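Presented below is the structure to which this report refers.
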Amino acid sequence: IFRVIFRDFIQTKLLGIRRSIQNKQQEPKENSLLKRILAILIWAILAFIAASNFLWYFIPPEDFFAYLQDPLEHSVMYGFLIGITSFLIYDVVALKENFCVYICPYSRIQSALFDEHTIQTIYNEKRGGQIYNAQGIKLSNKPPLESDDCTGCEACVRVCPTHIDIRKGMQLECINCLECADACTSVMSKMGKPSLITWTSSMEIEKNKKTNYFRFRTIAYMVALSLVLVGLFVMGSQKEYMLLNINRTSQLYKMSSDHKTVENVYTFLFQNTDSKDHSYYFELSNSELKIEKPTEPFMLKAGQKVNKIVILSSSANKLSDETKNLPVIIKAFAVDEKEKILVERKTIFIYPKKSEIKP
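In our numbering, the protein residues as written are 315 to 673.
Here you go:
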């Protein structure tokens, strides 16, 4: 789609750089350098927007624009943004159709799924004649037999955007755009004959049998796809209406001045992912621990997120040299809809050894 925007809209419609190109195997005639620079600049802006849109999957837009104002503090984000933008510019301006040949995995994945019933763009060698041998070596521009319908005009080759000859057989570079079929249809119609290049299967071309659409492979694909869709639906129905990330501070624990209490400090990131405002708080699974901070529920607007410093404490009376860290389950919830909006996260409460405590 990016190449379509750049070539068909910016270069063709807007600036007229690629207007009326009959042979796609040749580069367009030299145009104004200013036009080319302008086209690249326009595309650079669109590439930046596309790269930003991709990063919004990982960084909320409101945070993204705030981070843009402080590049030194967000160098990683800037690195990804510049890298993706640069690749999109290089892809469309320099790499062009070679992206389909060398980078795009689509054709390689598709080729592993092909069989004789697969619908694709095919040259009918029985009618048109042999242009290439089994090793892919070109024998001639035009088939030698008079009974062969191919005229050797190579109209199908000239219009191919990935610079291949469809008469050579199935190739990874083919994107099934059918421009070669349209070109051949135009030529053969003048002779009162059907096109030599059609959207069909090798079963129909080579064996004159109908394509079997409902075979084991396609049924298996449909079953697998259905299972994936069901899984996505189930996962989507289990949406969490709040997010909670728990991080510990650099200080493992803190003792009170009288050495009677052990405190652990955490940073809780709360985010309200629901469409309405809620008041949030949390509970602890272990009765030995106490919430020192915050002491009251707090309000979050729809989509809002906030970092909260959380302090948990425990009595130091039970300390011994065998004391182990205590597993804790944090149950965070919306006070007004506790049954619906509830998440659980695991963390630990760290105790010092008794021998480490100075009397």
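Cβ atoms here follow ideal geometry from the backbone N, Cα and C, with glycine treated the same way. Note that the structure is a prediction, hence the values are computed from the model and not measured.
For residue i, count the other beta carbons within 10 Å of its own beta carbon; 16 or more makes it buried, fewer makes it exposed. Which is it?
{"i": "E493", "result": "buried"}
{"i": "Y416", "result": "exposed"}
{"i": "W513", "result": "exposed"}
{"i": "A616", "result": "exposed"}
{"i": "L348", "result": "exposed"}
{"i": "D463", "result": "buried"}
{"i": "A469", "result": "buried"}
{"i": "H573", "result": "exposed"}
{"i": "L541", "result": "exposed"}
{"i": "Y371", "result": "exposed"}
{"i": "I324", "result": "buried"}
{"i": "L427", "result": "exposed"}
{"i": "M505", "result": "exposed"}
{"i": "F547", "result": "exposed"}
{"i": "P457", "result": "buried"}
Among the options, which one has its Cα closest to the Cα of residue i?
{"i": "I489", "options": "V473, T581, L347 and S500", "result": "V473"}
{"i": "K523", "options": "A648, A426 and H431", "result": "H431"}
{"i": "L656", "options": "I662, I664 and K645", "result": "K645"}
{"i": "I623", "options": "S389, S589 and V579", "result": "V579"}
{"i": "E653", "options": "T532, Q434 and E554", "result": "E554"}
{"i": "Q449", "options": "F379, E602, M484 and S599", "result": "M484"}
{"i": "Y594", "options": "E602, K604 and P608", "result": "P608"}
{"i": "G442", "options": "T465, D429 and L427", "result": "T465"}
{"i": "M556", "options": "I533, V544 and N586", "result": "N586"}
{"i": "N367", "options": "I351, L402, S346 and R350", "result": "L402"}
{"i": "K410", "options": "T476, I433, I664 and K638", "result": "T476"}
{"i": "S570", "options": "K590, R481 and N631", "result": "N631"}
{"i": "P666", "options": "Y567, K604 and S589", "result": "Y567"}
{"i": "I560", "options": "M502, F663, D429 and S346", "result": "F663"}
{"i": "F528", "options": "L546, F612, R562 and I433", "result": "I433"}
{"i": "F647", "options": "A358, D591 and Y392", "result": "D591"}
Looking at the strands, I want to know which residues DSSP matches up with residue i.
{"i": "S571", "result": "Answer by DSSP bridge pairing: none, since S571 is not bridged."}
{"i": "W513", "result": "T435"}
{"i": "Y404", "result": "According to DSSP, which records beta bridges pairwise, Y404 is partnered with nothing at all."}
{"i": "I644", "result": "L598 and R659"}
{"i": "F582", "result": "I560 and K622"}
{"i": "S627", "result": "E577 and K604"}
{"i": "F612", "result": "Y594"}
{"i": "Y446", "result": "K452"}
Where does residue i sit, in a helix, a strand or coil, going by DSSP?
{"i": "V473", "result": "coil"}
{"i": "I363", "result": "helix"}
{"i": "E658", "result": "strand"}
{"i": "R562", "result": "strand"}
{"i": "L347", "result": "helix"}
{"i": "E468", "result": "coil"}
{"i": "S593", "result": "strand"}
{"i": "I373", "result": "coil"}
{"i": "T532", "result": "helix"}
{"i": "N412", "result": "helix"}
{"i": "Q552", "result": "coil"}
{"i": "F323", "result": "helix"}
{"i": "S421", "result": "helix"}
Taking a contact to mean a Cβ-Cβ separation below 9 Å, would you say residue i touches residue j in this structure?
{"i": "F582", "j": "L614", "result": "no"}
{"i": "T499", "j": "S509", "result": "yes"}
{"i": "N455", "j": "I519", "result": "no"}
{"i": "L626", "j": "E577", "result": "yes"}
{"i": "A365", "j": "I398", "result": "yes"}
{"i": "L360", "j": "I319", "result": "yes"}
{"i": "A495", "j": "I511", "result": "yes"}
{"i": "F596", "j": "K619", "result": "no"}
{"i": "S629", "j": "E606", "result": "no"}
{"i": "E487", "j": "S421", "result": "yes"}
{"i": "I445", "j": "R481", "result": "yes"}
{"i": "T661", "j": "R531", "result": "no"}
Would you say residue i touches the ligand ATP, meaning its beta carbon is less than 8 Å from a heavy atom?
{"i": "Y567", "result": "As for the ligand ATP, it is missing from this structure, which has no ligand bound."}
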